[in-house]
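Colleague: Taken in sequence, the protein lines are chains A and B. Everything in the first sequence is counted per the numbering used here, starting at 1 for the first residue and increasing by one. Everything in the second sequence is counted per the numbering used here, starting at 306 for the first residue and increasing by one.
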Amino acid sequence: MKPIAAVVAVLALMPIVLDLSAYSHNLLTLAFLMISGALAWNWMGGFVGQVSFGHAAMFGVGGFVAARVIIATSLPAPLAWIAGALVAGIAAIGAHPMLRLRGPYFSIATIGVGEASRFVFTYWEGFTGGASGLSLPIDADLKYQLYWWGLGLAGVVAAASLLLRRSTLGLQLLAIKADVDAAADVGVSATFYQDLIFCLSGAVVGLTGGLYASYFGYIEPSDLFGFDRSIGFVLMAVIGGVGTVLGPALGAVVFVLLRQYLVASYPQLYLGLYGLLLIVIILFEPLGLTGLGHRLWRQFRKVRR
Amino acid sequence: MTALLAARGLSKHFGGLRALDGVDLELGAGEILGVIGPNGAGKTTLFSLMAGSLRPTAGEVLLDGEPVSGLPAHRVVRAGVVRTHQIVRPFPNLTVLENVTVAALHGKRRAQGTAKARAIEVLEFVGLADRAADLPGVLTLGGRKRVELARALATVPRVLLLDEVIAGINPAEAMALAALIRKIRDERKTAIVMIEHVMPAVMSLSDRVIVLDHGKKIAEGAPAEVVKDKQVLEAYLGVGNG
Numbered sequence: 001m002k003p004i005a006a007v008v009a010v011l012a013l014m015p016i017v018l019d020l021s022a023y024s025h026n027l028l029t030l031a032f033l034m035i036s037g038a039l040a041w042n043w044m045g046g047f048v049g050q051v052s053f054g055h056a057a058m059f060g061v062g063g064f065v066a067a068r069v070i071i072a073t074s075l076p077a078p079l080a081w082i083a084g085a086l087v088a089g090i091a092a093i094g095a096h097p098m099l100r101l102r103g104p105y106f107s108i109a110t111i112g113v114g115e116a117s118r119f120v121f122t123y124w125e126g127f128t129g130g131a132s133g134l135s136l137p138i139d140a141d142l143k144y145q146l147y148w149w150g151l152g153l154a155g156v157v158a159a160a161s162l163l164l165r166r167s168t169l170g171l172q173l174l175a176i177k178a179d180v181d182a183a184a185d186v187g188v189s190a191t192f193y194q195d196l197i198f199c200l201s202g203a204v205v206g207l208t209g210g211l212y213a214s215y216f217g218y219i220e221p222s223d224l225f226g227f228d229r230s231i232g233f234v235l236m237a238v239i240g241g242v243g244t245v246l247g248p249a250l251g252a253v254v255f256v257l258l259r260q261y262l263v264a265s266y267p268q269l270y271l272g273l274y275g276l277l278l279i280v281i282i283l284f285e286p287l288g289l290t291g292l293g294h295r296l297w298r299q300f301r302k303v304r305r
Numbered sequence: 306m307t308a309l310l311a312a313r314g315l316s317k318h319f320g321g322l323r324a325l326d327g328v329d330l331e332l333g334a335g336e337i338l339g340v341i342g343p344n345g346a347g348k349t350t351l352f353s354l355m356a357g358s359l360r361p362t363a364g365e366v367l368l369d370g371e372p373v374s375g376l377p378a379h380r381v382v383r384a385g386v387v388r389t390h391q392i393v394r395p396f397p398n399l400t401v402l403e404n405v406t407v408a409a410l411h412g413k414r415r416a417q418g419t420a421k422a423r424a425i426e427v428l429e430f431v432g433l434a435d436r437a438a439d440l441p442g443v444l445t446l447g448g449r450k451r452v453e454l455a456r457a458l459a460t461v462p463r464v465l466l467l468d469e470v471i472a473g474i475n476p477a478e479a480m481a482l483a484a485l486i487r488k489i490r491d492e493r494k495t496a497i498v499m500i501e502h503v504m505p506a507v508m509s510l511s512d513r514v515i516v517l518d519h520g521k522k523i524a525e526g527a528p529a530e531v532v533k534d535k536q537v538l539e540a541y542l543g544v545g546n547g
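1) From LEU235 (chain A) to ALA95 (chain A), what does the alpha carbon distance come to, in whole angstroms?
2) Can you have a look at ALA484 (chain B) and say buried or exposed, based on whether 16 or more other CB atoms are within 10 angstroms of its CB?
3) Determine contact between the region 204-222 of chain A and the region 382-395 of chain B, defined as no fewer than three beta-carbon pairs at a distance below 8 Å.
4) Comparing alpha-carbon positions, which option in A:LEU142, A:TRP148, A:GLY170 lies nearest ALA31 (chain A)?
5) Compare the Cα-Cα distances from TYR105 (chain A) to each of A:VAL51, A:THR191, A:VAL242 and report the closest residue.
6) Measuring alpha carbon to alpha carbon, tell me which residue in A:LEU142, A:LEU146, A:LEU200 is nearest LEU169 (chain A).
7) Measure the alpha-carbon distance for PRO267 (chain A) versus GLY232 (chain A) and round it to whole angstroms.
8) Measuring alpha carbon to alpha carbon, tell me which residue in A:PRO137, A:PHE64, A:SER117, A:ALA158 is nearest ALA6 (chain A).
9) What runs of the alpha helix (DSSP H), each 4 residues or longer, lie entirely inside the region 411-499 of chain B?
10) Take LEU440 (chain B) and list the residues in its own chain whose beta-carbon comes closer than 8 Å to its own, dropping the five residues that flank it on each side.
11) Kindly indicate which residue of A:ALA38, A:ILE35, A:LEU258, A:PHE227 has the alpha-carbon position closest to the one of GLY54 (chain A).
12) Just the chain A side, please: which residues come within less than 8 Å of LEU428 (chain B) by C-beta, in chain order?
13) Does the count of Cβ pairs from the region 59-68 of chain A and the region 167-184 of chain A closer than 8 Å reach three?
14) Between A:LEU287, A:ASP139, A:LEU277, which lies nearest to VAL242 (chain A) when the distance is taken from Cα to Cα?
15) Using a C-beta cutoff of 7 Å, does PRO505 (chain B) count as contacting chain A?
16) Please report the residue range of the alpha helix (DSSP H) in which ASP518 (chain B) lies.
17) Helix, strand or coil: how does DSSP classify ARG388 (chain B) here?
18) According to the neighbour-count rule (16 or more other Cβ atoms, all chains shown, within 10 Å of its Cβ), is TRP41 (chain A) buried or exposed?
19) So, at 6 Å on beta carbons, what are the nonlocal neighbours of SER374 (chain B) in its own chain, with the 5 sequence-adjacent residues on each side left out?
20) Do SER332 (chain B) and ALA308 (chain B) have their C-beta atoms closer together than 7 Å?
21) Report the rounded CA-to-CA distance for GLY321 (chain A) versus GLU220 (chain A), giving the unit in angstroms.
22) Find the residues of chain A that neighbour LEU399 (chain B), judging by a C-beta separation of less than 9 Å, and give them in chain order.
23) Given this structure, state the Cα-to-Cα distance separating ARG487 (chain B) from ARG305 (chain A), to the nearest angstrom.
24) Shorter than 7 Å from the beta carbon of GLY547 (chain B) to some beta carbon of chain A?
25) Distance check for ALA311 (chain B) and ALA334 (chain B), CA to CA, integer angstroms please.
26) Closer than 7 Å, Cβ to Cβ, to anything on chain C: give me those residues from the region 184-199 of chain A, in chain order.
27) Between the alpha carbons of GLY240 (chain A) and GLY321 (chain B), how many angstroms are there, rounded?
28) In chain order, which continuous runs of the beta strand (DSSP E) of length 3 or greater are located wholly inside the region 336-373 of chain B?
29) Can you find at least 3 beta carbon pairs, one from the region 496-514 of chain B and one from the region 454-461 of chain B, that sit closer than 8 Å?
30) Distance check for ILE108 (chain A) and VAL531 (chain B), CA to CA, integer angstroms please.
31) Please confirm whether THR168 (chain A) has its beta-carbon closer than 7 Å to some beta-carbon of chain B.
32) Interface residues of chain A around PRO377 (chain B) at Cβ under 9 Å?
33) Excluding five sequence neighbours on each side, which residues of the same chain lie with their C-beta closer than 7 Å to the C-beta of ILE337 (chain B)?
34) Measuring alpha carbon to alpha carbon, tell me which residue in A:ALA264, A:ALA237, A:SER265 is nearest VAL253 (chain A).
35) For ALA264 (chain A) and LEU271 (chain A), I'd like the C-alpha separation in whole angstroms.
36) Should HIS411 (chain B) be flagged as near chain A, meaning a C-beta pair shorter than 7 Å?
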């Protein structure tokens with residue numbers, strides 16, 4: 001817990017002490033948002049072991065609800081973000097029937113639901129502005145401050161991940177992941193805990209979507225609900241280490257940098273490169289950077305001895 | 306007096322296969338009931354129905370006169386009936402203590418203290434306290450069977466369904482486990498239904514035995530009587546009409 005607080009403190013002071021360029025400020029803010037999303041995705045995909053390829057749905061719902069609240073009312077942005085998170089969390093409970101599926105079957109179902117939500121929200125022009133999207137009122141101060149809002153959220157979500165993993169709730173999630181029937185035979189209700197975690201995970205991802213909407217000031221369904229956004233959450237977790245407590249945070253940082261580079265250099269190819277990266281990591285180091293780190297550390301200790 | 310656990314006309318059909326066909330049984334408080342029968346007789350199906358892993362095609366299971374059949378497994382555990390598996394299924398990525406702690410979070414809350422404290426108490430009871438920090442994979446089969454037992458006991462059951470706990474382990478460990486089963490009944494006031502192929506164990510532990518064959522109950526009674534029953538001998542040895 002202390003290392004998290006220390007890292008957050010250093011990052012919070014950075015723009016004040018150093019003269020951060022607008023480019024770095026932007027990349028860091030994006031990274032903070034993605035860290036929150038990746039860690040929350042990992043509660044479901046890593047702790048419970050149900051890999052979702054549809055988290056963009058909650059990201060989009062949170063983003064558009066927050067945007068609508070900001071446009072329609074004079075409420076402060078944080079309240080609008082929370083409204084988006086609540087609606088996204090409630091929407092996630094709609095995944096209940098899917099959660100009876102396990103493993104690949106669940107993953108395939110989430111692809112379907114994620115894509116369906118993209119179509120629905122693209123055609124629901126009254127709410128999302130359809131293909132032309134929505135513009136939010138310009139607020140340059142807020143955009144600058146979102147660095148700290150994003151950092152705060154990432155810090156809270158990281159702390160929550162750590163607490164969740166150490167709690168008896170986390171223990172039950174691991175039991176469900178290991179053997180769902182054996183867990184039921186000692187009294188663990190897999191349905192209840194999966195619903196609960198999907199709801200929490202969806203709410204946090206929705207909250208991230210709200211901050212994202214405020215940050216960019218302009219949002220469109222094909223971006224927020226896009227399939228590559230869902231893949232993004234999976235990839236961040238896989239890069240950092242699925243199921244590890246904080247690995248996905250590291251994965252999110254790598255992902256944001258990588259994406260920045262790939263989209264600029266290979267706009268036609270970057271989705272294919274994501275796929276390649278997924279395959280390579282899962283083949284050679286299923287625990288991603290966390291696994292790689294452990295492996296190097298063991299080597300290092302062996303050499304020193 | 307109503308029985309603690311009772312099955313009435315319990316049946317489970319898989320398509321045309323009658324895995325269990327109209328079985329009645331009663332279990333009194335503090336009793337150990339043995340269930341024997343040839344392979345495929347429906348013993349494990351009987352357990353799955355009583356533990357909520359399967360829904361019966363017909364009939365019902367009553368705990369203290371209240372129906373529990375048709376409830377999902379985790380609700381049956383909360384009501385006070387818990388099973389162990391013939392092939393042990395510990396959570397491989399959790400330590401022995403964590404395995405038992407998960408179970409201690411559920412079931413009837415008779416015992417006091419945190420789930421972890423209750424789990425430690427149960428581990429001491431089954432003789433695994435010194436292995437608490439190990440992963441189940443490093444234990445012997447007998448050890449893993451004890452983990453399975455501890456996990457079931459941590460839910461503070463009123464009825465414990467033991468599926469071949471003693472089978473498949475070395476004689477010394479088998480003796481120790483038999484003693485442990487008796488201790489569970491005597492000290493934890495838990496009624497036990499046990500499926501077992503190891504005859505000396507069933508005969509010495511059980512107060513009463515029922516015999517299943519082809520999904521039907523063919524005999525019931527004291528262990529010594531049941532083994533002399535003509536139908537039982539036929540089911541096991543295939544004695545003809547001679």
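Glycine included, every Cβ here is placed at the ideal spot set by N, Cα and C.
Modeller: Taking the structure as given:
1) 21 Å
2) exposed
3) Result no; under three Cβ-Cβ pairs closer than 8 Å.
4) A:TRP148
5) A:VAL51
6) It is A:LEU200 whose Cα lies nearest to the Cα of LEU169 (chain A).
7) Rounded to the nearest angstrom, the two C-alpha atoms are 15 Å apart.
8) A:ALA158
9) 420-431, 446-459, 476-493
10) Annotation for LEU440 (chain B): PRO397, ASN398, LEU399, THR400, VAL401 place their beta carbon closer than 8 Å to its own, counting only its chain and skipping 5 residues before and after.
11) A:PHE227
12) Under the 8 Å cutoff, chain A gives no residues; its nearest Cβ is about 15 Å from LEU428 (chain B).
13) no
14) If we check each option's Cα against that of VAL242 (chain A), A:LEU287 comes out closest.
15) Proximity of PRO505 (chain B) to chain A, defined by a Cβ-Cβ separation below 7 Å, is not satisfied.
16) Element bounds for ASP518 (chain B): not the alpha helix (DSSP H) but the beta strand (DSSP E), 513-518.
17) strand
18) buried
19) PRO361, GLU365, VAL366
20) According to the sequence provided, residue 332 (chain B) is Leu. The question's Ser does not apply to it. It is a contact, given that the beta carbons lie within the stated cut-off.
21) No answer is possible for residue 321 (chain A): the residues shown for chain A start at 1 and end at 305.
22) Residues of chain A whose Cβ lies closer than 9 Å to the Cβ of LEU399 (chain B) are, in chain order, LEU171, LEU174, ALA175, ALA178.
23) 51 Å
24) Confidence is the limiting factor: at GLY547 (chain B) the pLDDT is only 44, short of 50, which leaves the residue's position unreliable, though a coordinate-based value still follows. No, GLY547 (chain B) does not count as interfacial toward chain A.
25) One Cα belongs to ALA334 (chain B), the other to ALA311 (chain B), and the distance between them is close to 11 Å.
26) This model lacks chain C altogether; the protein chains it does include are A and B.
27) 51 Å
28) 337-341, 363-368
29) no
30) About 53 Å.
31) THR168 (chain A) counts as touching chain B.
32) ALA184, SER189, THR191
33) ARG490, ILE497, MET499, LEU510, SER511, ASP512
34) A:ALA237
35) 13 Å
36) yes
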